[in-house]
Structure formats: C-alpha cells, structure tokens
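This report concerns only the one structure given below.
There are 2 protein chains.
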Amino acid sequence: MSEALSELRERLAEIHDLASAASILGWDQQVMMPARGAGVRAEQLGTLGRVVHERFTDDAIGRLLDAARPEPGSTGEALVRVARRDWEKARRVPSELAAEIARAGALGHQAWVEARERSDFEAFLPFLQRNVELKLRYVECFDGYEDPYDVLLDDYEEGMTSAEVGALFAELRAELVPLIAAVAERADAVEDEVLHGEFPVAGQRALVRGVLERLGWSREGWRLDEAPHPFATSFGPGDVRLTTRYDPGYVGMALYGAIHEFGHGLYESQIDPALARTPLGEGASLGVHESQSRLWENVVARGRPFAGFLHGELARTFPEAFAGVDAEAYYRAVNRVRPSLIRVEADEATYGLHIILRFELEREMIAGTIALRDLPEVWNARMRDDLGVEVPDDARGVLQDVHWSGGDIGYFATYALGNLIAAQLWERARAELPDLDSSLAAGDGSSLRAWLGDRVHRHGRCYPPRELVARVVGGPVAVAPFVAYLRAKLGPIYGL
Amino acid sequence: MSEALSELRERLAEIHDLASAASILGWDQQVMMPARGAGVRAEQLGTLGRVVHERFTDDAIGRLLDAARPEPGSTGEALVRVARRDWEKARRVPSELAAEIARAGALGHQAWVEARERSDFEAFLPFLQRNVELKLRYVECFDGYEDPYDVLLDDYEEGMTSAEVGALFAELRAELVPLIAAVAERADAVEDEVLHGEFPVAGQRALVRGVLERLGWSREGWRLDEAPHPFATSFGPGDVRLTTRYDPGYVGMALYGAIHEFGHGLYESQIDPALARTPLGEGASLGVHESQSRLWENVVARGRPFAGFLHGELARTFPEAFAGVDAEAYYRAVNRVRPSLIRVEADEATYGLHIILRFELEREMIAGTIALRDLPEVWNARMRDDLGVEVPDDARGVLQDVHWSGGDIGYFATYALGNLIAAQLWERARAELPDLDSSLAAGDGSSLRAWLGDRVHRHGRCYPPRELVARVVGGPVAVAPFVAYLRAKLGPIYGL
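As structure tokens, then:
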C-alpha cells in the first residue's frame, strides 16, 4: 500500500470514529437520554458534526486522494472512489450553508412536531419554505446535472436520476392502481382481526426476542430496545442495535417492526469486518439498505413458509388470542391489502402509491411548479384518486411524515426502490437456494442470511449501488419482479 | 468579556463536548454495549482522547489564556485559573508518554482481570512494574514538588501534599485502631442477619427507585441502570446517570450502592448550569466528590432518622423478611462494624484502615522503598496487624482493587478524605438546619439537598478544593469531626 493511501486510511478511520461517536450519541438520545439532557446533547452533536466536517473537507484529504494510487481492483481503489465522491460533494457546499441547512432542519423539525399535533399546515409552511429554499441553494453548489432534483436524489441513492426513478414509478403506478382496485372489490375476502386483541407486552417481548434469535440476533453482538420511532443502527460489525415499539392491542407492530429493523441490522452486521472504520463499511445506498429490511419484513415474514413458523410461535405465546386461528388465517391476515391514510401503516401493495405521491410532489417542489401552500389540496386530491381515501386532516395527510421538516427531500424514493430490489433479490435467492422455503418454514433463516451476506452484505460500499444490484440480479432495478411477486401472493388470497 | 476570553470559552466548550462524547461512549460501554463491540469502541475512544488532547494542548490555548484578562473575582477568572492549571499539566507530559501510560493501563487492566481470577500476583507483577515505571517518568515531567508522590496526588486532589495527607492519616489511624479493637471485643452486640435473606430483585428495583425519587432523582433528568461495577456520571446538569447492582440475597448492596451513587449524581446535577460545557462544570476534586456520596450513603442513610424511614420502606416492600424487625434492629444492622478483607465491602469505621494501607504502600512504591514483589507479604502482615484478619489469597488481598492495574496511583487517599469532609459538612449542616433530623426521618432530603447545592454543588470547580472546604466548614480538612461522629454513633450501639 502506498504511504499516501495508508495515511488516507488512517485519517478516514479517525473521521469515522468521530462520526460513529456522533451516531452513538444519537442512539443514546433516542433510546436512553433523560429529556432534560437535550440542550447539552445538541451542543455535543453540533461540535462533533463540525469537527468531522472540518477534518474531512481538509485540503490534505484531497492531496492524499490524488497521491493514493491504489491497485486496480483492490479495496483501496474502492476506498479512494467512495472517499473522493464524498469529499468532492462535501467540499462543494460552503460550511455556512451546511450549518444553515442543519439549523433550519432542527427548527423545522420542532415546528413540525407542534404543527402535526394541531394539524396546522399553515404553521409549518414557513419552515418548509425555508427548507426548500436552502435545498435549492444546495443544488446550486453542484453542476453537470440534468434535473436539479437529481442532486438531492444522489445524496440518498448514488447515481440514480429523477428520470430513471420517474420511469420506474410510472410503470409501478400503472400496475398498482388496477391491482389495488381489483383487491378493493373483494375487500371482504380477508380480515385481520386476529392481529388485534390483548397481547401483553411481556409476552410480545419474549416472542420478538425469540424470533430474532432464530434469525441471527445474538446478545453478544446486538441490542434490542424500545423507541417511539423504531430504527436500526450500528457502531461496528459487533455492535448492531435495533429498536421496536409495543402495542398491547396489536401484535403486528412490534413483531414486524422488529423484523424490519433486523433486516437493516443484519446488513450492517455482515459487512466485511476489514471495512470497519472506513467509508466502505456501510450499506451501498438507502435503497439497497431498505431492500434488506423489506425483504425480511415482507417477503420472508409475510411469506407463507415463515408466516407458518410465526403462527406457531404466536399460538404458543398467546394461546387464548390464537385459539381457533390456523396458519392460513394468520397468513391471510398479515397480507391484507387495504388503502389507508398513513404511509408507515400501509400494506405492501398500497405502500408504493404513498411513495410515488411524495416523490412526484418533491420533484414539483424543487422544479418550482407547485406552490407549497397548495400541497394539502393536491395531496388530498391525489389520495382520493389513487387510493380512494378521504384525508380528514393534514395531520393524517401532508403533515404525517418527518422527512421534509428536517430538510430530507429526495429520501422517500429509496423506500419504494427497496421494495423493488427486495423482490429482485428474492427471485434470485429462490433460484439459487432450492431448500429456502422448507428452511424458512422451520423458522431457519440461515441459508438466506448466508446468501445475502455473500452476495450483498460483505461488500459494504465497495460497489456503487447500481453495480452491486447488477452483479447479484443480472440487471438494473426493475418493476416486473415486484409486481409478479405481488400478483403471485395476492391473486390466490383475493381470488383475483 | 474580552475577545480572547470569549474565544477561550468557545474552544474549551468544544473540547468539553468532545470529552463528554467520550464519557457517553464509556457509559455506553459499561452499561449497554454488546460484548463484541469492544474492539471498535476502543478505537473510537482512542481517537476521541487524541483529538481532545491535541485541541487542548494547542499553543493557541496558551496564547488565549495569556490574553484573556478576566475581571477579578469573576467566573472568567476561575475559568482561566482552572484551564491554565489543566493546560500546563497536560503540556508538560509528552504525547508519547501520555499514550504509553494509557496503553500500559489498558494492558495492565486486562492482565489484572485474569490475574485476580487466578489469584496470581506473579502474573500481574510485570504490568504493575511497568505502570510504576511510567508514573515515575510522569513525575519527572514536573518540578517544584517536595515529594514525587505529591505530583500524583495532585492529579486527583488538587493542592494536597503527601505530608499533609500522611499527617491526617496518622491521626486517623491512631483513633481508628483502638476504636475498632474496642468494638471487636463486643462484636456479638450487633448482628446484620436481617439484611440477608430473600429479596426478589423486582421488589428491590421498585424500592431503590422510590427512595431515590424521595431524595431528588427524577426521570426527566436522571437515569438508573445496572452495571457490574456501579458508578455515577453525568453529561450535563440535565443528564445524570447512576448505576447499581442487585443481589437477591442481600438487600444492602443495591440500596446503599444506589444512595452512594446518588450523592455523586446530585453534586453534578446541582452545579450551576451556567458552568456547563466549561472545565468549571465538574466537582471540585475527587475527595469533595466522594464526600457527597459518603454523606448520603453513610451519614444520612445509615443515620438514625433516615434509616428509620428506610426501615419503613423495606418493611412495606418485604413484609415477610422484615416481620418482627424493628427500626432499631435495622439501624444497628446497617451500622455493624466488622473487620473484613475487601475494601468495597468495609464498614464506615474499618474503611479508613483499608485506605491508609494503600496510601502508605503507594508512597513507598513511588519512593522506591519497597520491592513490588514484596507487596503481598507486606499487605497481608498489615491486614493482620491492623484489622486482625488473615488474607487467604491475593485475589482477596493485594489484587482486589482495579486502580493500580490501570495506572491510577494516588487515587485511594481521596476516598478517606471524602469520609473526613463528609463529617465536617454534616456538622455544619446540622448546625444550620435545625429541622434536619425530623425531615430526614420523614424521608425528606430536600433541606440538605438545597444546603449542599448552595454551599458546595453550584460552585463546581470555581474554588480550589481547599478553599471550597474552608468556605463551608471554616477550616482545613480535619480528622476530629469524623472521629466524633463515629464515636457518637458506635458508642451507644456497642455500649462502649
């Protein structure tokens, strides 16, 4: 390894340590910190953010990147590619603008919490305007893009363009709208009453822990805690942390939420330990990351084999609530499709339409072709047209999501891309793992876990997301496998 | 405020934020982190330590200290005094030596864990030799001291000298040895069987939480967790964290341990919030800090009024175990004096002799007047002479404490100084708070809490420890009040 590459690695490792420290402080804030610690914690996080930014955007990093000369095809080459990309993006944005975006995001978040509580879009509007204005200034720091929205999208999904996502989503929408309409005509065919009832939290905790342990969670390298807004994070391959939340009246929340976060956590836990403390030791992109959570939550845990295993665990834990409920009824219940108001509660089929709505509105916000004050009206009309639901108030409409309040514009698309990629990976895994269904039916996820580890996880960020997906599934992100998967599942359930 | 002072404050605040981040990572490591996270966590802590050291020892800090010109008598003046002291100490020690001390401490700690497990002093000896050798090199970085050990002591207790502590401890020893001998003759007068039995952990948890809430703990600004080696820490005045550990067979462990840590936490929680993010926002010294934990654990919670309240809480929580045990029996049980092997399990009276032994051995280690390999023999003889106990193995003798393994030489004295200061503060508080006993008997610690907040806590590190103590008690650290307190308590209990 050249001396420059070696020094670059050392500097990036230190920067990574400091960024990880910020992540640990963030986890602690959401899961552990007493409420009155918030003021000082904000200062601590602000300082860490500044130090990381200063150290990373230093001229010396640029000189080391130029001098590094890694071996072609080596990990060093991937390191230089990824670090150069991140460095050039970070250098283009003046520190003052970056700080102002962070500040406006914090203020916007606070305003959103209060505005959503009162369902008061007017009160949130000036903060949203400020966030959009700052994002437009952010876009101006870059050049060479076709569409200004491409700049934002690229922060969350490297290399994806608005045109490409727009085409995928148009195709997806054209498939989903008639499918959902067909299901709606037979809505009474599936009930999910079995998931609602009395499920004491102590029992749910033991159940969730047991299921995660079957999937690969272990006390030695993972945590499982509670948080009002569940998430997964990791501070190294041996320290992966999941959170979930428990609803004593609905057994689906904690169980499927935890399996979702497990998918994220498994990705991080299986990244090659040699990539730890480098910018390569992360998921390839948000879309690829989301493909992992959705693969485990939806494709595996709502699929017939593993749902059968879960049914057995549930019946054992909650014998009264599950008296007379067979595996088939449970399988149908967890796959019920029903248009609804809230994205995070949406089923697999309608979920995509929630995302497409947000993506299309974001493009218009950045293009300036929609007045921000008209968002509620446009939102509500679209929910009526696409999903047939009436939005009763903005809290359950345009104000429901946190993203825009903190300045995250360009993020939503990755959720739906995750669904598409998950279906593509699943198609491939089934072709390569002939015993997959029978092992999942026994509650054993080890073959899928190993396959994902080998094909996707261990590489971290060594390949650009597009290349990683192509290496595994043989082509670009595509809609057809997801639609085929949905039809194959919902056709028999709804008798379509 | 001068521009230089203002810039100094800003720089120190950032350094404080980074040091706090390291503390949060340390808390997380002891309380939350999965075991396999240890490798990466050590790197993260190493990086934070280096960045803090680099930023603090920067020449620019020295220039700002010179240029600051604070108003006489202002907080700025205290800030400059404390920061200059810390800066000059940090600058005298070459980074390589500081790093080597940290590294040897980490290796020594690991070796000690294994050596203690096997009670194998020989295996630990080379690591202890290395730690002492490095401490001697550390001492050489300084000048102007009378005794090399003064340099080490000053790191834990600003301004204290070996001669001064030696004189205090000689006086203390002369009082304790005959007192303990007199008690030993009437050893059967007090039993503590009531504290041993079956105390389910769930009940203990609720009890401890309830008692701490009466004392001033609140969910909004504090945490209470479990850790194998209990400690207290804080990351700002609104984020104070205690840990304790539960023994289902002994109710004293968790309860008195938690009250001890509460004393530390209360100190941090009542420091003037205006001192947050500065080097003044900490306890004045380890001795003063320990005076707070021992005041609450021993003087308050083993004192007759509050012990009566605790008896009521215990009898309510564990009615079977406490059937037929009255408040007087409980009071006597928690004040039983019995020479024993282990410092952390020692009673109030014998505790001092454990410390004096360690202090005197440390002085000899640094003076070179004892061969380190002779430590076990000297230790065991001294335990026999002073306390009349036979040390069966080094695990329960010279290997019992963690301090020397990590290079902490000079620390132990502060524990006994804490006992002395606690008794001095108590004497003063009783004189100024006429209703103190009756409020404590009702489980109400608010008047003592407020008094300590006003006299001690709010000042943080604004006064040197010697000056702070003198301001409150009217003189230097002294032995007499502690001995008088002990005699007043043990005399009636043991009929001396």
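So the sequence lines, in the order shown, correspond to chains A and B.
Using our numbering, count along the first sequence one by one with no gaps and you end on 510.
Using our numbering, count along the second sequence one by one with no gaps and you end on 510.
By construction, the Cβ of each residue, glycine as well, lies at the ideal position given by its N, Cα and C atoms.
Since this is a predicted model, take the numbers as computed values, not measurements.
- For Leu-238(A), there is no enclosing alpha helix (DSSP H); the residue is part of the beta strand (DSSP E) that begins and ends at 236-240.
- According to the DSSP secondary-structure assignment, Ala-246(A) is paired through a beta bridge with Leu-256(A).
- Annotated as proximal: Trp-418(B) and Leu-142(B), with beta-carbon spacing under 7 Å.
- In this structure Gln-58(A) is buried. Its beta-carbon is surrounded by 16 or more other beta-carbon atoms within 10 angstroms.
- Within 7 Å of the CB of Phe-249(B), the CB atoms of chain A belong to Gly-51, Val-54, in sequence order along the chain.
- Below 8 Å, too few C-beta pairs join the region 265-273 of chain A and the region 288-304 of chain A to call them touching: fewer than three.
- Runs of the beta strand (DSSP E) lying entirely within the region 154-192 of chain A and spanning at least 3 residues: none are present.
- Tyr-477(A) carries a coil assignment under DSSP once its states are collapsed to helix, strand and coil.
- Residue-level contact check: Thr-71(A) does not touch chain B, since none of the beta carbons of chain B fall below 7 Å from its beta carbon.
- Residue contact check for Pro-293(A) against chain B: no CB pair falls below 7 Å.
- Listed in chain order, the non-local C-beta contacts of Pro-478(B) below 6 Å within the same chain comprise Glu-172, Gly-173, local neighbours out to five positions each way being set aside.
- Per DSSP, reduced to three states, the secondary structure at Tyr-345(A) is helical.
- When rounded, the separation of the alpha-carbon atoms in Pro-319(A) and Tyr-345(A) is 9 Å.
- For Ser-34(A), the chain B residues whose Cβ falls inside 7 Å of its Cβ are Gln-58, in order along the chain.
- Apart from the 5 residues on each side of it in sequence, Trp-440(A) sits with its Cβ closer than 8 Å to the Cβ of Leu-309, Val-313, Pro-495, Tyr-499 in its chain, given in chain order.
- Residues of the region 89-101 of chain A with a C-beta less than 7 Å from any C-beta of chain B: none at all.
- Check the Cα spacing between Leu-504(A) and each of Glu-178(A), Ala-181(A), Asn-349(A), Val-416(A): the tightest is with Asn-349(A).
- In the DSSP assignment, the residues bridged to Tyr-264(A) are His-210(A), Asp-261(A).
- Take the alpha-carbon of Gly-474(B) and the one of Asp-100(B): they are about 15 Å apart.
- Neighbours of Val-127(A) in chain B, taken as residues whose beta carbon is under 9 Å from its own, are absent, since the nearest beta carbon is some 18 Å off.
- Close to Thr-61(B), with beta-carbon spacing below 7 Å, are these residues of chain A in chain order: Glu-28, Asp-31, Leu-32.
- In the structure shown, the three-state DSSP call for Ala-360(A) is coil.
- Chain-ordered, the chain B residues with CB closer than 7 Å to the CB of Trp-236(A) read Pro-48.
- Leaving aside the five residues that flank Asn-433(B) on each side, the residues in its chain whose CB is nearer than 8 Å to its CB run, in chain order, Glu-304, Ser-305, Arg-308, Asn-312, Glu-362, Tyr-365, Gly-366, Phe-496.
- Put simply, of Ala-118(A), Glu-160(A), Glu-481(A), Ala-502(A) the residue whose alpha carbon is nearest the alpha carbon of Ser-299(A) is Glu-481(A).
- Within chain A, the C-beta atoms nearer than 7 Å to that of Asp-42(B) come from Ile-38, Asp-42, in chain order.
- In this structure, the CA atom of Met-397(B) is about 54 Å from the CA atom of Arg-64(A).
- Among the CB atoms of chain B, none fall inside 7 Å of the CB of Gly-271(A).
- In this structure, Ser-20(A) keeps its C-beta atom at 7 Å or more from the C-beta atom of Arg-83(A).
- The straight-line gap separating the alpha-carbon atoms of Thr-257(A) and Phe-249(A) is approximately 15 Å.
- Rounded to whole angstroms, Glu-275(A) and Glu-212(A) show a C-alpha spacing of 24 Å.
- Within 8 Å of the CB of Asp-253(B), the CB atoms of chain A belong to Met-47, Pro-48, Arg-50, Gly-51, Val-54, Arg-55, in sequence order along the chain.
- Secondary structure remark: continuous alpha helix (DSSP H) runs of at least 4 residues inside the region 449-477 of chain B, in chain order: 450-455, 460-469.
- Residues of the same chain with a CB within less than 6 Å of the CB of Leu-328(A), apart from the 5 flanking positions on each side, are Phe-336 in chain order.
- Remark: fewer than three beta-carbon pairs, one from each stretch, lie closer than 8 Å, so the region 410-429 of chain B and the region 201-210 of chain B are not flagged as touching.
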